[in-house]
Each structure stands twice: as C-alpha cells, then as structure tokens.
Amino acid sequence: MRWTARYTLPGFFILALPLASAETLRCGSQLVNTGDRAFEVERKCGPPDQRDVLGYTLGDYGRQELIIEEWVYGPRNGALKILTFEGNRLTDIESRRAR
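Residues -22 to -1, 1 to 77 in mature numbering (1 follows the signal peptide of the UniProt record, and there is no 0) are what the sequence shown spells out, letter by letter.
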C-alpha cells in the first residue's frame, strides 16, 4: 500500500482541537473582536482575572516598541479565555479547557 498524506490528516485535526482560536468573544451581551482596544475590551468584559506582560515587539517598520500583554478570563463553564494584546490592540482570542 502506498502511503499518502490523507491518512495522517484526521489525527492532526484531533490534536489541534484543544487550542481553538477565534476572532470574536462574547462577554454577556457584548462582542469583543480582534482589533479592539484594551479599554474597549475591559469596558465590555470587565477586568481580567489575570494580567501578564509577556514582553515587547517592534511596531510597524521598527520605529516603536509595543508591549505584548495577555489577559485571562475564567475559568468559566470549564474554559479559559486568553486574550493577547500587542500595543494595546487585541490580536488573538484563544479558548482552552481549564484543568
């Protein structure tokens, strides 16, 4: 039998499920989207349960340093919501099952 990539795909997708990433988060009746500013997220979702500074990155064309910050909400209903900000803009929304 000839080996092809199609036999490996189901295993890959099963492994990728716990690290779901989204572009929208519901906070009560409000929606938070990637690209929103930190103050907008805090106004809609309240203060995070945990806030960590991860480091810094260079902005467009390397002219300014942007802080990278992670906000964690939860666990709520068995899940954590992890929001990543770069330069005060929401860049990633991640959901993880709480342990």
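Even glycine gets a Cβ: it sits at the ideal position worked out from N, Cα and C. Just so you know, these numbers come straight off a predicted model, no measurement behind them.
Cβ-based burial, residue i [other Cβ within 10 Å; buried from 16]
{"i": "Y51", "result": "buried"}
{"i": "V31", "result": "exposed"}
{"i": "L68", "result": "buried"}
8 Å Cβ cutoff met for residue i and residue j
{"i": "E48", "j": "T35", "result": "no"}
{"i": "R70", "j": "T12", "result": "The sequence given here has Asp at residue 70, not Arg. Their beta carbons are under 8 Å apart, which means D70 touches T12 by this criterion."}
{"i": "G33", "j": "I46", "result": "yes"}
Option nearest residue i by Cα separation, candidates the options
{"i": "G6", "options": "D70, E64, L68, R54", "result": "R54"}
{"i": "D27", "options": "R67, E64, A57", "result": "A57"}
{"i": "A76", "options": "I60, T69, L68", "result": "I60"}
{"i": "K22", "options": "R29, V10, G33", "result": "V10"}
{"i": "E64", "options": "Q42, R4, R74", "result": "Q42"}
Bounding residues of the beta strand (DSSP E) (the contiguous stretch that carries residue i)
{"i": "R75", "result": "67 to 75"}
query = For the region 2 to 56, which segments carrying the alpha helix (DSSP H) assignment without a break, of at least 4 residues, lie completely within its bounds, in sequence order?
reply = 16 to 23
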